[in-house]
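Participant: Numbering (this note's numbering), first residue to last: 250 to 586.
Sharing a structure, written as structure tokens. Questions coming.
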């Protein structure tokens, strides 16, 4: 048996069994969840047994699963002590990160810098891939975030932009996305420019609403601190001291994405997000995202992060849907001559 104390948490370990002793009973209802639903989720996903008694918690199961449960609960407890919220998505994120840390021996997945702060909430990595993505967003001037729906590639890019705007490291946020199958045929839509573009940027607005109070968001949109524009309106501009996001970049043409990438000005950051498997361009039209990734491979100052179904954080079912479609595409590809 191994016993040790780690700050506010005492841990005893034997083969396939761990016992945790907490120093703040008031945090335990938040850690365990209503009717112990957080513990039940850990038991179900890892195949372990969790038993509580007073300020002690015993975990039993296979050595690997017990180790993951112990690390996940320890990290969640320390998060509570720092004022962070623990809910079911946070529990699932802790399981993912603990599993990856123990498998890859990479403690950096939990580092404090793998997060962004916004007016409404602190936004943290909820998967190993997201942790790498957040680090890339902190460290690089241009980041390509690739992956299927639900991996947080756009949401985390917006969080990075809001964080830098709130701390004064950039003066404005520029949000862009190809519209109407990347054809920019906005003239056929009713209303002014904002009305025409809004439907195509709704996911970005949803993210902004999560991070900024409604009055602040409206004020910053009105003043131009947060600007929304279709990619066609970027031509001829140089964007300095700005955080620039191009979403759904797989639906740009090579000419469009080259034009967009060369808008980067002094003290600016740029994030290009997209899913290379979901191109909606007309048949025979090459995706600008694919060409940019090939052209810029190895260029200093550019990071590319590829997220997968393992990083889907919307709902368990979304990850299963993504895997099912990927399996079908592989099967169809194997059947083709």
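For glycine and all other residues, C-beta sits at the position ideal for the given N, C-alpha and C.
Predicted, not measured: the structure shown is a model, and the values here were computed from it.
Let me confirm a value: residue 267 is counted as buried when at least 16 other C-beta atoms fall within 10 Å, else exposed. Which label applies?
Facilitator: Its Cβ being crowded by 16 or more others within 10 Å, residue 267 is buried.
Participant: Would you list, in sequence order, the uninterrupted beta strand (DSSP E) runs of no fewer than 3 residues that lie entirely inside the stretch 475-500?
Facilitator: 475-477 and 491-495
Participant: Among 507, 324, 468 and 467, which has the Cα closest to the Cα of residue 483?
Facilitator: Of the residues 507, 324, 468 and 467, the one whose Cα lies closest to the Cα of residue 483 is 507.
Participant: So, at 6 angstroms on beta carbons, what are the nonlocal neighbours of residue 510 in its own chain, with the 5 sequence-adjacent residues on each side left out?
Facilitator: Once the five neighbours on either side are set aside, residue 510 has no close Cβ partner at all.
Participant: Within the chosen definition, does the stretch 398-414 reach the stretch 367-377 through at least 3 CB pairs nearer than 8 angstroms?
Facilitator: yes
Participant: At the level of alpha carbons, what is the spacing between residue 479 and residue 340?
Facilitator: 38 angstroms
Participant: Expressed to the nearest angstrom, what Euclidean distance is found between the alpha-carbon atoms of residue 431 and residue 316?
Facilitator: Reliability of the predicted coordinates at residue 431 is poor, the pLDDT of 37 falling under 50, and no value is obtained from them.
Participant: Below 9 angstroms between beta carbons: does that hold for residue 472 and residue 516?
Facilitator: no
Participant: Between the stretch 345-355 and the stretch 319-335, are three or more C-beta pairs nearer than 8 angstroms?
Facilitator: yes
Participant: Check residue 267 in the structure and name its three-state DSSP category.
Facilitator: strand
Participant: In the structure shown, what three-state DSSP assignment does residue 403 receive?
Facilitator: helix
Participant: Out of 388, 494 and 275, which has the shortest C-alpha to C-alpha gap to residue 411?
Facilitator: Checking every option, the nearest Cα to that of residue 411 belongs to 494.
Participant: I'd like to know whether the C-beta atoms of residue 300 and residue 394 end up nearer to each other than 9 angstroms.
Facilitator: no
Participant: With a threshold of 8 angstroms, are at least 3 pairs of Cβ atoms found where one atom belongs to the stretch 548-556 and the other to the stretch 379-390?
Facilitator: yes
Participant: Please list the terminal residues of the continuous beta strand (DSSP E) segment that includes residue 394.
Facilitator: That run of the beta strand (DSSP E) goes 391-395.
Participant: Smallest Cα separation from residue 331: which of 302, 342 and 276?
Facilitator: 276
Participant: For residue 555, which of helix, strand or coil comes out of DSSP?
Facilitator: strand
Participant: Looking only at C-alpha atoms, which of 294, 293, 298 and 326 sits nearest to residue 273?
Facilitator: 326
Participant: When you compare each of 427, 344, 492 and 270 to residue 287 by their alpha carbons, which one comes out closest?
Facilitator: 344
Participant: Considering just the uninterrupted stretch of the beta strand (DSSP E) at residue 335, what are its terminal residues?
Facilitator: Counting along the chain, residue 335 falls outside any beta strand (DSSP E), and DSSP gives it neither H nor E.
Participant: How about residue 314 and residue 269: are their beta carbons less than 9 angstroms apart?
Facilitator: Not a contact, by the Cβ cut-off of 9 angstroms.
Participant: For the alpha helix (DSSP H) that contains residue 295, what are its first and last residues?
Facilitator: 286-295
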